[in-house]
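Undergrad: This is the structure, below, for whatever I ask next.
In my numbering, the protein residues as written are 49 to 122.
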């Protein structure tokens with residue numbers, strides 16, 4: 049069994065990835081809000097926008113957990 053240790057470079061790269069994804073997620077959340085406010089217009093856009101927003105927030109949650117694990121391991 050091998051164990052890998054995270055380098056500060058790995059952690060910094062992960063933080064940058066989280067920052068970019070967080071920005072994109074925030075924009076998607078605002079777009080979803082705009083669609084919801086305009087209902088019933090653009091009703092057909094709602095399922096795809098909601099699914100994409102859900103997916104990006106799941107990715108963000110997973111990356112934050114990965115970062116926490118790496119930082120704890122140091």
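Backbone N, C-alpha and C define an ideal beta-carbon position, used for all residues, glycine too.
1) Going along the chain, which residues of its own chain have a beta-carbon closer than 7 Å to the beta-carbon of residue 107, five neighbours each way excluded?
2) In its own chain, which residues sit with a C-beta less than 7 Å from the C-beta of residue 112, not counting the 5 before and 5 after it?
3) With DSSP run on the structure shown, which of helix, strand or coil describes residue 88?
4) Quick one, which of 122, 120, 115 has its alpha-carbon nearest residue 63's?
5) How far does the alpha helix (DSSP H) with residue 112 in it reach, from first residue to last?
6) Inspect the beta-carbon positions of residue 104 and residue 94 and report whether they are closer than 8 Å.
TA: So, from the listed chains and residues:
1) These residues qualify, in order along the chain: 69.
2) 66
3) coil
4) 115
5) Residues 94 to 121.
6) Contact check for residue 104 against residue 94 fails: the beta carbons are separated by 8 Å or more.
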